[in-house]
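Undergrad: First to last, the protein sequences are chains A and B.
Quick note: numbering that gives the first Met the number 0 has the first sequence finishing at residue 310, numbered continuously throughout.
Quick note: numbering that gives the first Met the number 0 has the second sequence finishing at residue 310, numbered continuously throughout.
What follows is a single structure, and I will ask about it in a moment.
Number of protein chains: 2
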Amino acid sequence: MRCLVLGAGGFIGTNLCLALGARGLPVTGFGRAAAPPPALARVDGLDWRCGNVERLPDPDALVAGHSHLFDLIGAGLPNSSNDNPAQIVADGMPPRIRLLDACRRQGVRRIVFASSGGTVYGPGTAAPIPETAATDPISAYGIGKLAAEKYLALYHHLYGLDYRVLRIANAYGPHQHPLREQGLVASVLHRLLTDTPIPVWGDGSVVRDYVHIGDVVSAMLAVAFGEDGPPRLFNVGSGVGRSVRSVIADAARVAGRPARIVAMPGRSADVAVNVLDSLRLRQRTGWSPSVGWEAGLADTADWLRRALIKS
Amino acid sequence: MRCLVLGAGGFIGTNLCLALGARGLPVTGFGRAAAPPPALARVDGLDWRCGNVERLPDPDALVAGHSHLFDLIGAGLPNSSNDNPAQIVADGMPPRIRLLDACRRQGVRRIVFASSGGTVYGPGTAAPIPETAATDPISAYGIGKLAAEKYLALYHHLYGLDYRVLRIANAYGPHQHPLREQGLVASVLHRLLTDTPIPVWGDGSVVRDYVHIGDVVSAMLAVAFGEDGPPRLFNVGSGVGRSVRSVIADAARVAGRPARIVAMPGRSADVAVNVLDSLRLRQRTGWSPSVGWEAGLADTADWLRRALIKS
């Protein structure tokens with residue numbers, strides 16, 4: 000058994016590689032950087048491959064020899080994805096499909112795909128959202144994630160290629176880079192710790208489901224190595240909705256710093272409320288979120304402080 | 000008001016152009032052929048444009064001056080689409096998105112998109128299928144149609160571009176070319192009339208919903224020029240399921256010819272049963288299918304006989 004992690008240098012990828020390594024599982028990390036992030040120095044026997052999944056000369060060579068593939072590669076950011084949706088489809092989807100072809104040829108046993116619980120469902124869905132809810136994305140990013148899910152199901156139907164999809168809520172925690180505009184918690188805590196003003200889009204009432212990265216990684220391991228058979232698609236979230244303003248207030252309390260807020264216009268790709276129902280994952284795998292909100296914030300703040308000291 | 004019909008030389012397009020022309024609506028037809036099909040000689044003032052939507056040098060120039068756009072362009076056939084799904088996405092989706100961009104820039108008032116009720120829902124759905132059923136295509140063709148639907152909804156959300164999606168069952172009737180392997184009814188009737196053996200894939204138990212082209216066209220007109228507001232997505236079918244074997248038997252009776260059947264292996268892109276529930280369309284627009292099955296078969300056989308005499 001050997002795991003291939005695509006997007007291994009990113010937030011989720013770094014945490015997943017650490018968890019796989021801690022369990023003694025051999026890991027190949029694939030990322031854009033020439034070398035793995037320093038945090039992965041702890042992973043014994045990590046095989047690092049540098050490349051861009053959109054321009055892979057030989058997908059079979061990358062995939063060969065791996066039993067499990069974790070696809071954590073995003074397709075841009077939800078907001079910027081609407082600037083050029085045609086490009087995202089043209090660049091992003093065909094390489095992903097060619098990767099699936101390589102997986103079936105090379106006998107990969109299971110693919111775990113990180114989909115987006117925050118963008119595939121779209122607006123107007125009652126919270127918490129079950130996996131059976133309507134999928135009406137309001138970003139090209141969400142459409143891309145949904146199409147990737149559908150291709151996995153197609154390849155399972157046609158070729159028996161096994162997979163699991165995790166529709167992940169807003170993950171936060173250590174190793175989330177605060178300056179990439181990907182995670183509210185990391186960004187807010189970083190701004191608090193560096194005494195920088197915090198931009199708030201719209202009235203700050205947008206509600207999201209924040210799930211700690213430790214719980215996301217445990218969900219990935221549960222579905223990657225758990226039982227066979229359907230269902231193959233699971234939400235992963237805390238089930239708790241928090242507004243932007245309440246996240247800022249909580250983070251300020253945990254960081255022990257006052258928040259300076261700068262009002263910004265609302266964004267069209269923002270769904271008003273997005274909270275996931277993860278009952279299916281709990282029932283099928285025994286998973287449950289184990290990191291409390293305040294503890295998760297403190298954990299993230301600690302990591303950011305250490306990262307800031309280093310830089 | 001001026002209508003642009005993409006795929007105007009095809010089966011649905013030819014019938015739609017005839018219906019629009021009969022109502023005195025100015026029509027631009029867009030197709031791959033240098034000239035419109037002979038049947039469209041009856042459409043007064045038809046403006047014909049020749050081109051390939053996947054290689055449009057200037058989408059704005061095509062779209063400008065039209066109030067309504069009917070997108071009837073397929074993306075290959077459901078079965079062959081699985082041979083090279085990456086290519087279908089790379090070639091088919093980006094031009095479609097660029098066309099949407101042109102529509103919003105040029106002020107197109109409404110887009111009517113011909114989606115596929117036979118492939119977007121996938122297997123395991125109870126018949127008859129409502130629009131709210133799960134969408135799990137087992138062909139790249141179905142995924143492409145679904146993605147196109149999602150992009151329409153996205154552009155409506157972002158830019159207010161109005162649209163209607165029709166998930167059409169198995170359309171049949173005059174002007175369906177019997178040698179393109181697209182329609183069972185046309186193919187079977189043509190083979191009966193020319194005393195050619197009829198291939199049957201699998202055991203012939205696959206059940207489909209056959210809807211006459213006259214009813215499809217009336218549905219298109221109803222949603223194109225009807226009321227504003229949601230819902231914007233409708234099934235169009237007869238609501239009656241017929242097996243391949245029963246279609247052949249009925250067609251043989253109507254044609255007055257015996258059927259010679261050749262058994263072929265089953266196909267992976269075939270859903271076992273697909274019958275659509277069109278209640279939403281009936282309730283919202285007053286539409287109902289008006290062409291009976293036997294009358295529709297006779298109508299199609301008559302057209303094929305005339306087409307055969309000409310050729």
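We treat Cβ as the ideally placed atom computed from N, Cα and C, and that holds for glycine.
Quantities reported herein were computed from a predicted structural model and do not represent experimental measurements.
1) So, Leu5 (chain A) versus Ile72 (chain A), is the Cβ gap smaller than 7 Å?
2) Would DSSP call His155 (chain A) helix, strand or coil?
3) What does a CB cutoff of less than 6 Å around Asp46 (chain B) pick up in its chain, not counting 5 residues either side in sequence?
4) Report the rounded CA-to-CA distance for Leu188 (chain B) versus Thr299 (chain B), giving the unit in angstroms.
5) Nearest to Cys49 (chain B) by alpha carbon, out of B:His65, B:Ala32, B:Pro56?
6) Report the partner residues of Val235 (chain A) according to the DSSP bridge assignment.
7) Determine which residues of the region 86-114 of chain B have a Cβ less than 7 Å from any Cβ of chain A, and write them out in chain order.
8) Using DSSP bridges, identify the partner residues of His211 (chain A).
9) Tell me the DSSP secondary structure of Asn273 (chain B) in three-state form.
10) For Leu145 (chain B), go through chain A and note every residue whose CB falls closer than 9 Å to its CB, in chain order.
11) May I have the straight-line CA-CA distance separating Val206 (chain B) from Ile128 (chain B), to the nearest angstrom?
12) Return the CA-CA distance between Asp269 (chain B) and Gly295 (chain A), expressed in angstroms with no decimal places.
13) Going by CA-CA distance only, name the one from A:Leu24, A:Ala248, A:Ser66, A:Asn234 that's closest to Gly116 (chain A).
14) Give the secondary structure of Arg114 (chain B) by DSSP, where H, G and I count as helix, E and B as strand, and everything else as coil.
15) So is Ala74 (chain B) in contact with chain A if we call contact Cβ pairs under 7 Å?
16) Any chance the region 139-156 of chain B sits against the region 118-125 of chain B, with 3 or more Cβ pairs inside 8 Å?
17) Are three or more beta carbon pairs between the region 196-213 of chain A and the region 270-278 of chain A nearer than 8 Å?
18) Could you tell me the distance, in whole angstroms, from the CA atom of Thr124 (chain A) to the CA atom of Leu17 (chain B)?
19) Report yes if the C-beta of Ser66 (chain B) is less than 6 Å from at least one heavy atom of the ligand HEM; otherwise report no.
20) Can you find a C-beta in chain A that's less than 7 Å from the C-beta of Pro84 (chain B)?
21) Could you work out which residues of chain B lie near Asn81 (chain A), taking near to mean beta carbons separated by less than 9 Å?
22) Out of B:Ala21, B:Phe69, B:Asn51, B:Val52, which one is the CA nearest neighbour of Ala40 (chain B)?
23) Flag this pair as touching only if the region 151-158 of chain A and the region 215-223 of chain A have three or more C-beta atom pairs under 8 Å; answer yes or no.
24) Beta-carbon within less than 6 Å of Gly12 (chain B)'s beta-carbon, same chain only, minus the 5 sequence neighbours each way: which residues are those?
25) When you compare each of B:Ile96, B:Asp161, B:Gly44 to Arg108 (chain B) by their alpha carbons, which one comes out closest?
26) Rounded C-beta distance between Gln175 (chain B) and Ala168 (chain B)? I'm assuming under 8 Å.
27) For Gly20 (chain A), which of helix, strand or coil comes out of DSSP?
28) Would DSSP call Ala221 (chain A) helix, strand or coil?
29) Given Pro136 (chain B), which residues of its chain have a CB within under 7 Å of its CB, disregarding the five upstream and five downstream residues?
30) Going along chain A, which residues have a C-beta under 7 Å from Pro136 (chain B)?
31) Around the C-beta of Val290 (chain A), are 16 or more other C-beta atoms found within 10 angstroms, so that it is buried, or is it exposed?
32) Hey, Pro94 (chain A) and Ala89 (chain B): beta-carbon distance below 7 Å or not?
33) Could you pull out every residue in the same chain whose Cβ sits closer than 8 Å to the Cβ of Asp249 (chain A), ignoring the five residues on either side in sequence?
34) Buried or exposed: Ile308 (chain A), going by 16 or more other Cβ atoms within 10 Å of its Cβ?
35) Indicate the three-state DSSP secondary structure (helix, strand or coil) for Leu278 (chain A) in the structure shown.
36) In the DSSP assignment, find the unbroken alpha helix (DSSP H) run with Arg179 (chain B) in it and report its ends.
TA: Working from what's here:
1) What you label residue 5 (chain A) is simply residue 6 of the first sequence in a count that begins at 1. What you label residue 72 (chain A) is simply residue 73 of the first sequence in a count that begins at 1. Yes, the pair counts as a contact, with Cβ atoms nearer than the cut-off.
2) Along the first sequence, one-based indexing puts residue 155 (chain A) at 156. His155 (chain A) falls in the helix class under three-state DSSP.
3) Numbered from 1 along the second sequence, position 47 holds the residue referred to as residue 46 (chain B). Result list for Asp46 (chain B): Thr27, in chain order.
4) Looking up residue 188 (chain B) in the second sequence gives position 189. Looking up residue 299 (chain B) in the second sequence gives position 300. Cα to Cα, the separation comes out at about 8 Å.
5) Residue numbering aside, residue 49 (chain B) sits at position 50 when the second sequence is read from its first letter. If we check each option's Cα against that of Cys49 (chain B), B:Ala32 comes out closest.
6) Locating residue 235 (chain A) in the first sequence gives position 236, counting from the first residue. Val235 (chain A) is bridged to A:Ile167.
7) The region 86-114 of chain B vs chain A, Cβ under 7 Å: Val88, Ala89, Met92, Pro93, Ile96, Arg97.
8) In the first sequence, counting from the first residue as 1, residue 211 (chain A) sits at position 212. For His211 (chain A), which the question treats as bridged, DSSP gives the partners A:Tyr171.
9) Residue mapping note: residue 273 (chain B) aligns to position 274 of the second sequence, counting from 1. Strand at Asn273 (chain B).
10) Translated into the one-based positions of the second sequence, residue 145 (chain B) becomes position 146. Chain A residues near Leu145 (chain B): Leu145, Ala146, Lys149.
11) Counting from one through the second sequence, the residue named residue 206 (chain B) turns up at place 207. Counting from one through the second sequence, the residue named residue 128 (chain B) turns up at place 129. Looking at the two C-alpha atoms, the distance is approximately 13 Å.
12) Working through the second sequence from its first residue, we reach residue 269 (chain B) at position 270. Working through the first sequence from its first residue, we reach residue 295 (chain A) at position 296. Between Asp269 (chain B) and Gly295 (chain A), the C-alpha separation is close to 48 Å.
13) Counted from its first residue, the first sequence places residue 116 (chain A) at position 117. Checked all of A:Leu24, A:Ala248, A:Ser66, A:Asn234; the closest Cα to Gly116 (chain A) is A:Asn234.
14) Walking along the second sequence from the start, residue 114 (chain B) turns up at place 115. It is Ser, not Arg, that sits at residue 114 (chain B) in the sequence shown. Under the three-state reduction of DSSP, Ser114 (chain B) is assigned to strand.
15) As a first step, residue 74 (chain B) must be located in the second sequence, where it is residue number 75. With a pLDDT of only 49 at Ala74 (chain B), under the threshold of 50, the placement of this residue in the model should not be trusted; the figure read from the coordinates follows. No, its Cβ sits nowhere closer than 7 Å to a Cβ of chain A.
16) Touching, yes.
17) Short answer: they touch.
18) Counting from 1 along the first sequence, the entry for residue 124 (chain A) is found at position 125. Counting from 1 along the second sequence, the entry for residue 17 (chain B) is found at position 18. As the crow flies, the alpha-carbon of Thr124 (chain A) is around 41 Å from that of Leu17 (chain B).
19) Ligands are entirely absent from the displayed structure, and the ligand HEM is therefore not among its contents.
20) Numbered from 1 along the second sequence, position 85 holds the residue referred to as residue 84 (chain B). Chain A places a beta carbon closer than 7 Å to that of Pro84 (chain B), counting this residue as a contact.
21) By one-based count along the first sequence, residue 81 (chain A) stands at place 82. Near Asn81 (chain A) (Cβ distances below 9 Å), the residues of chain B are Leu153, Leu157.
22) If you number the second sequence from 1, residue 40 (chain B) lands on position 41. Nearest option by C-alpha distance: B:Ala21.
23) Below 8 Å, too few C-beta pairs join the region 151-158 of chain A and the region 215-223 of chain A to call them touching: fewer than three.
24) Translated into the one-based positions of the second sequence, residue 12 (chain B) becomes position 13. Val4, Gly6, Leu71, listed in sequence order.
25) Counted from its first residue, the second sequence places residue 108 (chain B) at position 109. Comparing alpha carbon positions, the residue from B:Ile96, B:Asp161, B:Gly44 closest to Arg108 (chain B) is B:Asp161.
26) The count along the second sequence starts at 1 and reaches residue 175 (chain B) at position 176. The count along the second sequence starts at 1 and reaches residue 168 (chain B) at position 169. Going by Cβ atoms, the distance from Gln175 (chain B) to Ala168 (chain B) rounds to 14 Å, so no, they are not a contact pair.
27) Residue numbering aside, residue 20 (chain A) sits at position 21 when the first sequence is read from its first letter. In the displayed model, Gly20 (chain A) falls within a helix according to three-state DSSP.
28) The sequence position of residue 221 (chain A) within the first sequence is 222, counting from 1. Assignment of Ala221 (chain A) by DSSP, reduced to helix, strand and coil, places it in the helix class.
29) Locating residue 136 (chain B) in the second sequence gives position 137, counting from the first residue. Answer for Pro136 (chain B): Thr118, Val119, Gly121, Ile142, Leu145, listed in chain order.
30) Taking the first residue of the second sequence as 1, we reach residue 136 (chain B) at position 137. Ordered by position in chain A, the residues that pass the 7 Å Cβ test against Pro136 (chain B) are Lys149, Leu153.
31) Position 291 of the first sequence, counting from 1, holds the residue named residue 290 (chain A). With 16 or more Cβ atoms within 10 Å of its Cβ, Val290 (chain A) is classed as buried.
32) The residue labelled residue 94 (chain A) in the question sits at position 95 within the first sequence. The residue labelled residue 89 (chain B) in the question sits at position 90 within the second sequence. No Cβ-Cβ contact shorter than 7 Å links Pro94 (chain A) with Ala89 (chain B).
33) Position 250 of the first sequence holds residue 249 (chain A). Taking Asp249 (chain A) as the centre and dropping the five residues before and after it, the same chain places the C-beta of Arg241, Trp292, Glu293, Leu296 closer than 8 Å to its C-beta, in chain order.
34) Along the first sequence, one-based indexing puts residue 308 (chain A) at 309. Burial is judged here by how many other beta carbons sit within 10 angstroms of a residue's own beta carbon; Ile308 (chain A) has fewer than 16 and is exposed.
35) For the purposes of this step, residue 278 (chain A) is identified with residue 279 of the first sequence, where counting begins at 1. Helix at Leu278 (chain A).
36) Translated into the one-based positions of the second sequence, residue 179 (chain B) becomes position 180. No alpha helix (DSSP H) contains Arg179 (chain B), which DSSP labels as neither H nor E.
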